[in-house]
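Take a look at the structure below.
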Ligand SMILES: Nc1ncnc2c1ncn2[C@@H]1O[C@H](COP(=O)(O)OP(=O)(O)O)[C@@H](O)[C@H]1O
Ligand SMILES: [Mg+2]
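Chains as they are written, first to last, in the working numbering: chain A, 1 to 244; chain B, 245 to 983; chain C, 984 to 1068; chain D, 1069 to 1153.
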């Protein structure tokens, strides 16, 4: 399948995403320049990590106005699959494609380390190859990854199974110590209600190669590949979601 | 700040120029200089840019070798790493600015060294930093540490270059003068290296990057002046870094270098537009004429003097092929940057600057460097040296409980975990990092090949204080050793020589001794010096820092998959100590922490033996025989063993037996050089032992990996978990003080 | 004209920076400090007719300067020179 | 009482944030924007006698809130409730 990786001024992990998809997973992966509205007919879009526009005002605040993001908005509205990692997650939140917002880490410092994530919903296009409550090891590297949303939104996210990953300890417990940045509900990644837009602070593209950082990140990409290649156009909705 | 008038020898003095230097200037020009010209000379002839006190000594350093593609003299050094690729690297200091404004000082230091590397056409892939702060309980230290560390991270993380290692030490000798040395390594195709020599008379000189503001006017001279109370007056010169613009500049420059528009390019660092113009013209033996009114400016009403000497960050000066201006502009516009033609290359060998229609600078370029002052400053061995080196073990009381000593050492700020620091650095971006911060050296893979690069920066300034020659030898050897225990063959180094006031004979003696030590070690180990930087005047109110010759070394692995880290890997492995333990304690961390004394001669070292030892371990690593390797350094054998447990992915312990050939504290905590701990499968022991015997290198099997405790003879018995408890957050705890 | 924009964290939204500053102040002996909230202060120099300037500035705040999930904003518009420093 | 503190980049000191926001606004079609400077706005609720409160707040700004190498600050002190929102 064909993947597009957005490139904003200040994107840093765009090359890592292209490497992971192209070199490691053997996918057709192209870069999509921010000034360019054309998505080149990709099946899925990755909004990569980095410091788009320097993240000077608020993380991700400026990227959403670029021509490419307008196209991504339309793409998502038509059911297209969009994944945001780190800065990409922040951009998707700022753009309103995902609920909530990411604020300064509780520690007020940038944190780069491996974390354990627990799969909270394995019945999605992004996690279908994971086991329910499986624990993945994937690195984080961010200064503003503390997930925040109002109680009502949080309630909905939980009820509809839109929380896909939580920070946990090696035993799979979501303890305060295992929550690196103070995210509400230890939330590490969320999906939109429709199930086609997903964002997470950790970097799966940095966990696809045993030589550097392990392979757990591959599960995410492979899940979506699996989902799309079986031609399942409509993402299966979360189990917790009552609707058909 | 305008041009000071009238221009007299007094004005020159205010610019830090001596009467002789003033005379030289008048002779070179055949007249008295304009205020702008005086500013140009004072910058170009500052210690920072001219190396006037260090040059005579630096000349003795070995700078060539079969794999050296570019030695000192360009923006950074370049070595061949095979597969048609080259590594470009350099270390540089940003000490004074970081003391005045830790965050911005450190951040702009990283920005500057990044530009030195990508200006040569290389894509930066890794940063290191080497830091020295005052005593950890000094009221100002926590504030400085937090500022510097977040500044390094804030800039490097944002630009998207991984920070994969470094050093941080605390010593009261740096209370009033911290050290912030930044290193960058980049990769370039060896047939695409760019140099900064002007060529092609009539070619346009173009300015790219941020606009020019009143930032850091006279930073170059500031870095060359001692601190005193009125340093506060110098504060407005502190620059603010803009990593976002740097990232755009990096991408735009690399894209430009893929085109055929570019003749030469040079970053605007110290003394900004002035030094970049003069250096480019000088290297090409040509002239440069620029029109200051065409320089993009951030503020109204800037004087010619300010435009010439501004040290605004994130700017580059380049020479394009005539007729290609539009193509250059198109590339920079793509990256939302401006490029402006501000002058051209001339054949008259002059640096000329016009402003508001007048020629304000007209300086023959060649004499600025060839006739730059060179000082052979007086040298004198410090009076108290012999006294400092005296140490008799007899009056070092033997501690009752070595187990307790080990725990105290593991909690000491100079030996505890650095995680709090490197956790704030993105060590992963761009996916090269095979071994990140926390081992002896960082190991990076070279994508598209089987190779890897290992990087480290080292210096024990306590050794250097007690004996600058031996201290410098040890710094080079330890750097090489750190590469070897990572499985890498040492290639070359970049040095950053941080010293006090060169006008003091004792300081100059320390400098001369240190350079001699670096020279001898480099010759013995076959690691030339390909780039570096000198930082003098690290002195406040007459008190100079301990001599600190920082050594950043780069090594090569032919098979990156064979790289090693220091943590124990497999239960049942044999732990062997390669090398010899001598009965010495001079300058050790143990002596300082437990007995509160900094004295004695630094550890004995034999360069021939060191070379053979490294060869032995390198061979074993290349054979894939070793599972882990770690050199024995500060804290001695016991601390090194503890580090092997603490760095072990599964926190494996070990059971160690040492024959007691000497006092227990000396045996466990002495810092004898040329010692390496290795682990391997039992079946490989005979092979390693025989090889060592052939090389006449002592090697003993001292124990076995396994369990969850570290046991050393009857002296030490602790669970690794407990040691981790003590060691892991000690730094954070010590710094958790309100700034 | 100059627009002065104040962006403040919404009540009930975590403000780790404000909390850290408050703690630091207590540690420094400023016991009287009850609460600290940290926001942004933005000065925008802009032309255009005074009539619709306020509409434009509101637009700027909503589009870019404030994230209304977590932040409130308010602004004043004055003519230049009166910028106290 | 509430102290309102305004921390602004010193004149002449580069303000990368402001620069980036100004560029973004131009891209968004706010051509009338000439210049943007971004600083901090801090609200401190504190007790203590009104008399010396201003001295204390100045002290707080100098010690913690403003980095006087690159920033200026000013503040107003008002009693609570009158905070326009
Ligand atoms: N201690 C040293 N050892 C070797 N080379 C040095 C040393 N100090 C400076 N150099 C070389 O001298 C040249 C000028 O140094 P420097 O002024 O730091 O470069 P830049 O102007 O790019 O910052 C560089 O090529 C640098 O590598
Ligand atoms: Mg340079």
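Backbone N, C-alpha and C define an ideal beta-carbon position, used for all residues, glycine too.
Item, Value
"Residue 660(B) (DSSP reduced to helix, strand or coil)", "coil"
"Residue 345(B): contacting residues in chain D (beta-carbon distance under 9 Å)", "1135, 1137 and 1138"
"C-alpha gap between residue 406(B) and residue 938(B), whole angstroms", "42 Å"
"Within chain B, partners of residue 1081(D) - CB distance below 7 Å", "484"
"Proximity test, Cβ basis, 9 Å: residue 492(B) and chain A", "yes"
"Limits of the unbroken beta strand (DSSP E) element including residue 604(B)", "602-608"
"Cβ of residue 109(A) within 9 Å of any chain B Cβ", "yes"
"Cross-chain neighbours of residue 12(A) in chain B, by beta carbon under 7 Å", "404 and 673"
"Where residue 472(B) sits in the DSSP three-state scheme", "Since pLDDT at residue 472(B) reaches only 47, below the 50 mark, its modelled position is unreliable, and no value is offered."
"Extent of the continuous beta strand (DSSP E) run through residue 944(B)", "943-949"
"Under 9 Å by beta carbon: chain D residues contacting residue 1026(C)", "1076, 1086, 1103, 1104, 1105, 1106 and 1107"
"Straight-line gap, residue 818(B) to residue 729(B) (C-alpha atoms, nearest Å)", "16 Å"
"Candidates 89(A), 205(A) and 46(A), of which the one nearest residue 144(A) by Cα", "89(A)"
"C-alpha gap between residue 399(B) and residue 572(B), whole angstroms", "26 Å"
"Chain C contact for residue 1092(D) (CB, 9 Å cutoff)", "yes"
"Segment contact flag, the segment 899-910 of chain B with the segment 922-930 of chain B, C-beta cutoff 8 Å, min 3 pairs", "no"
"Cut-off 7 Å between Cβ atoms - residues of its own chain near residue 714(B), not counting five sequence neighbours on either side", "707, 761, 846 and 849"
"Contacts that residue 1146(D) makes with chain C (C-beta to C-beta distance below 7 Å)", "Result: empty, since nearest Cβ-Cβ is about 14 Å, beyond 7 Å."
"C-alpha gap between residue 115(A) and residue 485(B), whole angstroms", "31 Å"
"Inter-residue spacing [alpha-carbon to alpha-carbon] between residue 506(B) and residue 500(B)", "7 Å"
"Proximity below 9 Å, CB of residue 587(B) to CB of residue 532(B)", "yes"
"Neighbour flag for residue 788(B) against chain E, beta carbons, 9 Å", "You won't find chain E in this structure, because its protein chains are A, B, C and D."
"Test: residue 1099(D) CB closer than 9 Å to a CB of chain A", "no"
"Pair within 9 Å by beta-carbon distance, residue 451(B) and residue 283(B)", "no"
"Proximity of residue 72(A) and residue 95(A) at Cβ, strictly below 9 Å", "yes"
"Residues from the segment 42-62 of chain A in contact with chain D, defined by Cβ distance under 7 Å", "53, 54, 56, 57 and 62"
"Residues, ordered as in the chain, of the segment 85-97 of chain A that lie near chain C by beta-carbon distance below 9 Å", "93 and 94"
"From 426(B), 305(B), 662(B) and 254(B), residue whose alpha carbon lies closest to that of residue 764(B)", "305(B)"
"Residue 458(B), DSSP secondary structure in three states", "coil"
"For residue 515(B), the nearest candidate out of 719(B), 297(B), 292(B) and 663(B) (CA to CA)", "292(B)"
"Residue burial classification, residue 411(B) (beta-carbon count within 10 angstroms, cutoff 16)", "buried"
"Where residue 205(A) falls, given that 16 or more other Cβ within 10 Å makes a residue buried", "buried"
"Closest Cα partner of residue 208(A) within the set 11(A), 7(A), 154(A) and 17(A)", "17(A)"
"Per-residue burial, residue 614(B) [other beta carbons within 10 Å of its own, 16 or more giving buried]", "exposed"
"6 Å CB neighbourhood of residue 780(B) in its chain, flanking five on each side removed", "291, 743 and 746"
"Same chain only: Cβ atoms within 8 Å of residue 968(B), ignoring 5 sequence neighbours per side", "890 and 895"
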